[in-house]
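Please read the structure below before turning to the comments.
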Amino acid sequence: MRHALGVFCLLLTSTDPSTANALQLEGSLALGFDSNPAQTRTGPELAFARYAVEAWRSWPMRDEQILSLGASGWYRDNESANDAYRLDLLGAWSRESASGRGLWQLDLSAGAYRDALVPADERDEVAIGLRYDHLLSARQTLGLSAELRRLDYRHVTGPWAGRPGSAPNPESARASDLKNGARNQGQSARPREDRALTLGLDLTQYWSPDLSTQLALTYAANESSVRLEGYRRPGLTGLMRWDLSDLWRLEAGAGWLLSRYGANPREREREDRQLSLNLSVFHRLARSAAEWQCRLEWLDNDSTLADYSFQQWVTDCGLSWSLR
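For what it's worth, my numbering labels the leading residue of the sequence shown as -16, then goes sequentially.
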């Protein structure tokens, strides 16, 4: 594994201009506050600092094909000993079609996620994804996507011990084990391995050079070795992007998800309805590749099992930059 990672980094940092485009680097630093990072009914409030970096290199090939390799990682430094981090390696192949009106992209990725706040969410992942974008007109783009992801969880755990849908969040391992043992009517803990299929359809509308919107439909199905973690999840999201000027940009979004989980031994069905809202403001610093940004996100999870209902809001501000 260490040898493979070294070869991967060597390919990214190769400087031969005849075979590769310039290495692209992006980074960000933000400070923020999370009202409920564990996504529980009585979760702790935590301030945090978040650091992220991404490196990417592309190689043009014949027939409008491009091969790309990338690596990204982030580290969230929460208050106390509640840190989380993630590392991803990604390879992608893309090719134009339909006389330049279409674009195919195939992705292969591997990732590792670690979380001191909610250890039940710690996992290793591999995924394969396929996406097709087609230019319907000068103002409309249609996108189709499919992804198959395998998630291998590192800790033996009881059902519903992590965040809804294994989203990145936090909580103490011992407290989590005790709490979830009581919630799940004495079910024994077991190793967990998930296989998740996600399908997507999105339409982007360019109303003007400065204003665009996107509407997306998704459907996810998760099969898990821990039966209660299996779910079916349709969703709908909307996003608006508005370039107020050359230096200022505004983005706003909303989302809705319906998660239907497998019935537990007492046949108490769990169904979660999630509503999310987010607002982000970006300001590009003049004569530089840096950008200042602030964002606010709100999430409401309404579950048929009251113990799993919660609300969460997250706000942070920071700087991002790119080197090419």
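The beta carbon of each residue, even a glycine, is placed where N, CA and C say it ideally should be.
Along the beta strand (DSSP E) that carries residue i, what are the first and last residues, could you check?
i	result
Ser55	48 to 61
Asn65	Unbroken run through Asn65: none, as it is neither H nor E.
Gly141	Counting along the chain, Gly141 falls outside any beta strand (DSSP E), and DSSP gives it neither H nor E.
Thr185	The displayed chain sequence assigns Asp, not Thr, to residue 185. Its beta strand (DSSP E) spans residues 176 to 191.
Asp229	Taken as a continuous stretch (DSSP letters only), Asp229 belongs to no beta strand (DSSP E), as it is neither H nor E.
Trp279	Correcting the residue type first, residue 279 is Leu in the shown sequence and not Trp. Here the beta strand (DSSP E) through Leu279 covers 273 to 286.
Gly112	106 to 118
Ser82	No beta strand (DSSP E) holds Ser82; DSSP gives it neither H nor E.
Tyr202	194 to 207
Using only alpha-carbon positions, find the residue among the options that is nearest to residue i.
i	options	result
Ser128	Arg307, Glu212, Arg114	Arg114
Leu70	Gln48, Asp90, Ala95	Ala95
Phe265	Ser303, Arg173, Gln197, Ala38	Ser303
Arg267	Leu230, Met44, Ser259, Arg251	Leu230
Arg84	Leu125, Leu52, Asp98	Leu125
Ser120	Arg33, Ala81, Pro147	Ala81
Phe293	Leu8, Gln7, Ser18, Asp104	Ser18
Ala273	Gly213, Arg307, Gly145	Arg307
Gln295	His117, Glu108, Arg146	Arg146
Ser92	Asn261, Leu279, Glu9, Gly56	Gly56
Ser242	Gly213, Gly236, Arg24, Trp39	Gly213
Asp285	Arg24, Leu6, Glu9, Ala5	Arg24
Arg97	Ala64, Trp87, Leu118, His117	Ala64
Trp39	Asp299, Gly74, Trp190	Gly74
Pro27	Glu62, Glu9, Arg45	Glu62
Ser191	Asp185, Tyr34, Gly141, Arg122	Arg122
Trp87	Val209, Leu184, Gln48	Gln48
Leu222	Ala103, Arg178, Leu72, Thr187	Thr187
Asp46	Ile111, Ala32, Gly53, Arg78	Arg78
Glu108	Leu72, Asp116, Leu118	Leu72
Phe31	Asp255, Ser228, Asp177, Tyr68	Tyr68
Ser207	Tyr244, Trp42, His117	Tyr244
Ala35	Asp255, Ala99, Glu9	Glu9
Asp299	Trp42, Leu52, Asp60, Leu134	Asp60
Ile111	Tyr58, Arg178, Ser195, Ala54	Arg178
Leu29	Ser228, Arg278, Asp66	Asp66
Under 7 Å Cβ to Cβ from residue i, same chain only, skipping five residues before and after it: list those, please.
i	result
Arg166	At Arg166 the pLDDT is 40, less than 50, meaning the model places this residue with poor confidence; the figure from the coordinates comes in the next sentence. Around Arg166: Trp143, Asp290.
Leu240	Arg216, Gly218, Gln257
Gly301	Ser11, Leu12, Ala13, Leu14, Gln276
Asp226	Asp193, Arg232
Leu260	Ala237, Trp281
Asp185	Gly126, Gln197, Leu198, Ala199
Leu211	Pro142, Trp143, Tyr244, Gly245, Asn247
Leu118	Arg84, Thr124
Identify, in the order they occur along the chain, each residue of the same chain with its Cβ nearer than 6 Å to the Cβ of residue i, setting aside the five sequence neighbours on each side.
i	result
Glu234	Arg224, Ser263
Leu288	Arg253
Leu180	Leu131, Ala204
Pro174	Val139
Thr220	Ala199, Gly238
Tyr136	Arg106, Arg175
Asn152	Any reading at Asn152 must be qualified, since the residue scores a pLDDT of 37, below 50, and its modelled position is unreliable; the value itself is stated next. Result list for Asn152: Pro20, Ala21, Gln22, Val101, Arg146, in chain order.
Leu89	Trp76, Leu113
Leu182	Ala129, Tyr202
Arg133	Val109, Arg178
Report whether the distance from the Cβ of residue i to the nearest heavy atom of the ligand FMN is below 8 Å.
i	result
Ile49	You won't find the ligand FMN in this model; it holds no ligand whatsoever.
Report the partner residues of residue i according to the DSSP bridge assignment.
i	result
Gly15	Phe31, Asp299
Thr23	Thr23 pairs with nothing; no bridge assigned.
Arg251	Arg251 is not bridged to any residue.
Arg97	Tyr68
Ala237	Gly221, Leu260
Ser92	Leu73, Ala110
Arg270	Arg270 is not bridged to any residue.
Tyr244	Tyr214
Ser128	Arg114, Gly183
Ser133	For the record, residue 133 in the displayed sequence is Arg; it is not Ser. Arg133 pairs with Val109, Arg178.
Arg173	Thr140
Ser305	Glu9
Ala38	Leu8, Ala54
Pro43	Ile49
Near residue i, which residues of its chain fall below 8 Å by C-beta distance, leaving aside the five closest residues on each side in sequence?
i	result
Ala269	Leu230
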